[in-house]
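**Q** 4 is the number of the first residue of the sequence shown in this note's numbering; add one for each residue after it.
Cβ coordinates follow ideal geometry from the N, Cα and C atoms, glycine included.
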Amino acid sequence: MNTKHHQVVVFDDDQADEPNDLEPKIESVINEVKPKRGRGRPKKSLGQTTNPQPLLSSDFYFFRACIEEIGIGEAAKRYLGHLGITDPRTAVVYERELRGRIQRAITLIDERDKAQAQMDSLMAKTATVTFGPTLDVFSRRFPEDMYTEQELIELYQDEYGSVPTTESSQASVTIKMKRDALEWLILRLSTSPSSDQPIGMWIDQKIVKKLPIGILTLGDLITWINMTGIRWYEKVPGLGHNRAKRILIFFLQNEALFTKGLSNQIRFRLEEKYKLDEQAITDAEVKTPTRQEKGLIDIASSQNSGQAQVFGIVPIESLAWPPALLGHDGTFRNHNPNTYGAENDRMAIHEWFKTLGEMSPATQDSYRRSIERLILWAVVERGCSLSSLTTNDFVAFRKFLRDPPAHWCSKFPAMKFSDDWRPLRGPMGDASIQATMSAVSTMFIALMRCGYISANAAGDSGSPKRTVTKMDVMRSFSEDDLAVIKRTFLAISAEGNADMESGQDQTIEHKKRMEAYRLKRRISATRLRAIILLFQTTGMRRSEVANLTWGQLSQLRLDNKISDMWAATFIGKGNKQRIVPLQAGTMQALQDHYDDRMALVAQGVLPYQNMKKEDVPVLSILDYRLTERKAGSSDNPTDAPRDGNVNGALSSARIYMILKLFFKEVQKNVESSGHVDFLKASTHWLRHTFAHQALKGSNRDVAAVQQILGHADIGTTGLYTKADMTSRVAAISSVAGFDV
4 MNTKHHQVVV FDDDQADEPN DLEPKIESVI NEVKPKRGRG RPKKSLGQTT
54 NPQPLLSSDF YFFRACIEEI GIGEAAKRYL GHLGITDPRT AVVYERELRG
104 RIQRAITLID ERDKAQAQMD SLMAKTATVT FGPTLDVFSR RFPEDMYTEQ
154 ELIELYQDEY GSVPTTESSQ ASVTIKMKRD ALEWLILRLS TSPSSDQPIG
204 MWIDQKIVKK LPIGILTLGD LITWINMTGI RWYEKVPGLG HNRAKRILIF
254 FLQNEALFTK GLSNQIRFRL EEKYKLDEQA ITDAEVKTPT RQEKGLIDIA
304 SSQNSGQAQV FGIVPIESLA WPPALLGHDG TFRNHNPNTY GAENDRMAIH
354 EWFKTLGEMS PATQDSYRRS IERLILWAVV ERGCSLSSLT TNDFVAFRKF
404 LRDPPAHWCS KFPAMKFSDD WRPLRGPMGD ASIQATMSAV STMFIALMRC
454 GYISANAAGD SGSPKRTVTK MDVMRSFSED DLAVIKRTFL AISAEGNADM
504 ESGQDQTIEH KKRMEAYRLK RRISATRLRA IILLFQTTGM RRSEVANLTW
554 GQLSQLRLDN KISDMWAATF IGKGNKQRIV PLQAGTMQAL QDHYDDRMAL
604 VAQGVLPYQN MKKEDVPVLS ILDYRLTERK AGSSDNPTDA PRDGNVNGAL
654 SSARIYMILK LFFKEVQKNV ESSGHVDFLK ASTHWLRHTF AHQALKGSNR
704 DVAAVQQILG HADIGTTGLY TKADMTSRVA AISSVAGFDV
């Protein structure tokens, strides 16, 4: 075998500055054939690491942690995690190389002599740090010869808790002196992160290569993380939760240096211990309020002063309306007196909101959101007062909602005082736009009737012809689907008993825990059964179920006699009274759930001892933590302030969540094809299922089913009959095929 010999060019860094060493030294490769190297790292060798240039502020913070004798592994995790350096062995190599890099950097600055002195202080042996005077100074408190030196030392230790120093020992370098020296070097040698710096300087190169194309700077990465959401790391192959958290910690540590920081949705997930106080800008830092504090201050100030604070895409409660856009001289203003007594657009809208009091909370909320979008678009985007909007403006508003700009949208929910709040989640569909324009038209009609405006431009904005109602009534469960639901529920109910039996031979403490767990599973299963039956056998809406109390349940009078049949009487959608009969099995499930609640109250778990039964909700919470008032520590909705639960009612949102989690379990038990996708199922699927079953059981009595479902239009109920394929299949089957 022929062996080729190469020459290796070696640059001697130590002699690079001397004139006689400008030419590189040449060395020949040894002719011997070297033994084959074994796999893996040679024994007792340390991990290798890269030397990112230039010196970073995080390098110095890591170096300071090492000087203060924090474990080198912990220091690396805290300050070098974004570079992918967390292993103690690798950190040891990095620390040694870092000292050399700092030393080389010192030789390149004008103040190299002073810098070298600071570096020498860093590398000097550290004296014991004391926080009291020297022994000589301490002894002057007492008359001379009153105490011996040993007695003075004992008195000193009693007062200061440490051994006193002498004048000579205080000349040694203390930890504080090392910190001062390091801060001096940081200000002159380090590079701090900023939004326009390339990500390759600060982030592990292995991660940088896997980021989406177009992310070039730290600012780009922050923006992408905020837009992608809390699981952004799943979009980066091989990144993982832990390494992603180290990158977020890096951004949080240097938050003041970036043009835009992490969103509150992302910040909410990070531990408090990583919110460190290292700021690489100045030593004297002015405390500024957090985003949450700023939002609370702005809203409180707005409420107290009656003046808005901000002009931009903010909630209308905090919007600073420019005086020229308040509509004092709006194009369509009627300057005669109006019944609202409004002098400008903001006052008129405020008075109109007051007239919505008799509508349902959901309708009021929908109207307010629609008008808020119009106001922000007109005032902030269009630069036009509401009373000056023309028909063409409303056409443009409709197009805007269909394709809004990015700064109007956020796919994550946020509290209204949060900087992350946005009016839209994304482009709106035709149905949502139509609902928005309906609310806008309703308001403008009211403003015209009260005499505030003389024309209603919103009434002729080119809205599309109203189409036939499109309701997907096939989002329901077949008999086979219901069988899977039943099988899943029975399995959940049986788990509690199985857990109790498996713990019979365990310790007393274990038995107690298992019994508590079994009880929790049992009462949760009882409530789940009540929820499923209430929806599936009545067809009630989720909001109607959430607000139902025992006082609204009563025995029915049939043929002028009190029967054993019960019914729920309540005000449903459209403020219309509904009476919905309840099956015996549904009533028994509700009673079982009520008994569980009363048992928890008797044990002191739930604080509703003095509540009358007629005030008790038919669906109740089971966790005492949900009864308490929550101050909240974030503007994230999951950790927002919450009032105490006054009656223990299960909220509409929690009912939805319980059923979604249950349907997720149902999906796991699907054993054959032909079933619906249970992951898409919701409470409304049970309402659709009831409608199909009720029409079939009543021989298609559409009028009766309409009354039970609470449809304003009987045509809506008729959609379920159109969806029934039984008669169509029978009609097709009755036709004799042409025999060929």
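Is threonine 262 closer than 7 Å to leucine 59 when the C-beta atoms are compared?
**A** No. Outside cutoff.
**Q** DSSP three-state label for glutamine 670, please.
**A** If DSSP states are grouped into helix, strand and coil, glutamine 670 belongs with the helices.
**Q** So, under 8 Å CB-CB, phenylalanine 576 and arginine 544 are touching, yes? Tell me the CB distance rounded to an integer number of Å.
**A** Checking the sequence, you will find lysine at residue 576 rather than phenylalanine. Confirmed, Cβ separation roughly 7 Å.
**Q** Skipping 5 residues on each side, what residues in its chain have a beta carbon closer than 6 Å to that of leucine 111?
**A** So the list is empty, once near-sequence residues are dropped.
**Q** Taking phenylalanine 573 as part of the beta strand (DSSP E), name the residues at either end of that continuous run.
**A** Counting along the chain, the beta strand (DSSP E) containing phenylalanine 573 begins and ends at 564-574.
**Q** Would you mind reading off the limits of the beta strand (DSSP E) that contains serine 557?
**A** First-last of the beta strand (DSSP E) with serine 557: 556-561.
**Q** Give the secondary structure of leucine 551 by DSSP, where H, G and I count as helix, E and B as strand, and everything else as coil.
**A** Leucine 551 falls in the coil class under three-state DSSP.
**Q** Specify the secondary structure class of isoleucine 252 as computed by DSSP and reduced to three states.
**A** Helix, per DSSP.
**Q** What residues in its chain sit with their C-beta under 8 Å from that of leucine 242, if we drop five residues either side in the sequence?
**A** Cβ neighbours of leucine 242 beyond the five flanking positions: Ile210, Lys213 and Tyr236.
**Q** With DSSP as the reference, label threonine 110 as helix, strand or coil.
**A** Threonine 110 falls in the coil class under three-state DSSP.
**Q** Rounding to the nearest angstrom, what Cα-Cα distance links glycine 103 and asparagine 229 in this structure?
**A** Taking the straight line joining both Cα atoms gives about 38 Å.
**Q** Apply the 10 Å Cβ neighbour rule to valine 487 and answer buried if 16 or more other Cβ atoms are within range, or exposed otherwise.
**A** The residue in question, valine 487, is buried, as its Cβ has 16 or more Cβ neighbours within 10 Å.
**Q** By the three-class DSSP mapping on this structure, what secondary structure does glutamine 586 have?
**A** DSSP places glutamine 586 in coil when its eight states are reduced to three.
**Q** Under 6 Å Cβ to Cβ from alanine 417, same chain only, skipping five residues before and after it: list those, please.
**A** Around alanine 417: Asp423 and Trp424.
**Q** In terms of residue numbering, what span does the alpha helix (DSSP H) encompassing methionine 362 cover?
**A** Where methionine 362 is concerned, there is no enclosing alpha helix (DSSP H), given that its DSSP letter is neither H nor E.
**Q** Would you list the one or two residues that DSSP bridges to glutamine 580?
**A** DSSP lists Ile574 as partners of glutamine 580.
**Q** Is the separation between the beta-carbon of isoleucine 319 and that of isoleucine 378 shorter than 7 Å?
**A** A contact, by the Cβ cut-off of 7 Å.
**Q** When we look at the beta-carbon of phenylalanine 145 and count the other beta-carbons within 10 Å, is it buried (16 or more) or exposed?
**A** So phenylalanine 145 counts as exposed.
**Q** Could you say if the region 358-374 and the region 441-456 meet the contact criterion of at least three C-beta pairs nearer than 8 Å?
**A** As far as the Cβ criterion goes, the region 358-374 touches the region 441-456, which means the pair count is three or higher.
**Q** Please report the straight-line C-alpha distance between phenylalanine 573 and phenylalanine 492, rounded to a whole angstrom.
**A** Answer to the nearest angstrom: the Cα atoms are 29 Å apart.
**Q** Measure the CB-CB distance between glutamine 796 and phenylalanine 693 and report whether it falls below 7 Å.
**A** Examination of residue 796 is not possible in this model, given that the chain is present from 4 through 743 alone.
**Q** What alpha helix (DSSP H) runs, 4 residues minimum, are completely inside the region 195-258?
**A** With a minimum length of 4 residues, the continuous alpha helix (DSSP H) runs that stay inside the region 195-258 are 208-211, 221-231 and 244-256.
**Q** In three-state terms, what does DSSP make of valine 487?
**A** Reduced to three states, the DSSP call for valine 487 is helix.
**Q** Using 7 Å as the threshold, is the C-beta distance between leucine 427 and serine 388 below it?
**A** It is not a contact, given that the beta carbons lie outside the stated cut-off.
**Q** Determine whether the beta carbon atoms of leucine 609 and leucine 653 lie at a separation below 7 Å.
**A** No, the Cβ-Cβ distance between leucine 609 and leucine 653 is not below 7 Å.
**Q** Determine the closest residue to methionine 122 out of Ile189, Ala247, His687 and Ile73, with distance taken between C-alpha atoms.
**A** Ranking the options by Cα distance to methionine 122, first place goes to Ile189.
**Q** To the nearest angstrom, how far is the alpha carbon of alanine 497 from that of lysine 564?
**A** Going from the Cα of alanine 497 to the Cα of lysine 564 covers about 40 Å.
**Q** To the nearest angstrom, report how far apart tryptophan 355 and aspartate 348 are at their CA atoms.
**A** Approximately 10 Å between the Cα atoms of the pair.
**Q** Within its chain, find whatever has a CB closer than 7 Å to the CB of proline 430; leave out the 5 residues flanking it on each side and keep chain order.
**A** Only Arg405, Asp406 and Pro407 meet the Cβ criterion.
**Q** Determine the extent of the alpha helix (DSSP H) in which lysine 699 is found, giving its start and end residues.
**A** Element bounds for lysine 699: 686-700.
**Q** Go to phenylalanine 403, then tell me how far its alpha helix (DSSP H) extends in each direction, as first and last residue.
**A** Phenylalanine 403 -> alpha helix (DSSP H) spans 394-405.
**Q** Relative to the C-alpha of alanine 460, which residue among Arg516, Glu518, Ala399 and His410 is closest?
**A** Minimum Cα distance to alanine 460 is reached at Ala399.
**Q** Near glutamine 200, which residues of its chain fall below 7 Å by C-beta distance, leaving aside the five closest residues on each side in sequence?
**A** Contacts found: Thr220 and Leu221.
**Q** Would you report the Cα separation of isoleucine 456 and alanine 549, rounded to the nearest angstrom?
**A** Rounded to whole angstroms, isoleucine 456 to alanine 549 spans 41 Å at the Cα level.
**Q** Quick one: residues in its chain with C-beta nearer than 7 Å to the C-beta of glutamine 119, no 5 flanking neighbours on either side, listed in chain order?
**A** So the qualifying residues of the chain are Ile109.
**Q** Is it the case that the Cβ atoms of histidine 596 and alanine 533 are separated by a distance below 7 Å?
**A** Cβ atoms of histidine 596 and alanine 533: closer than 7 Å.
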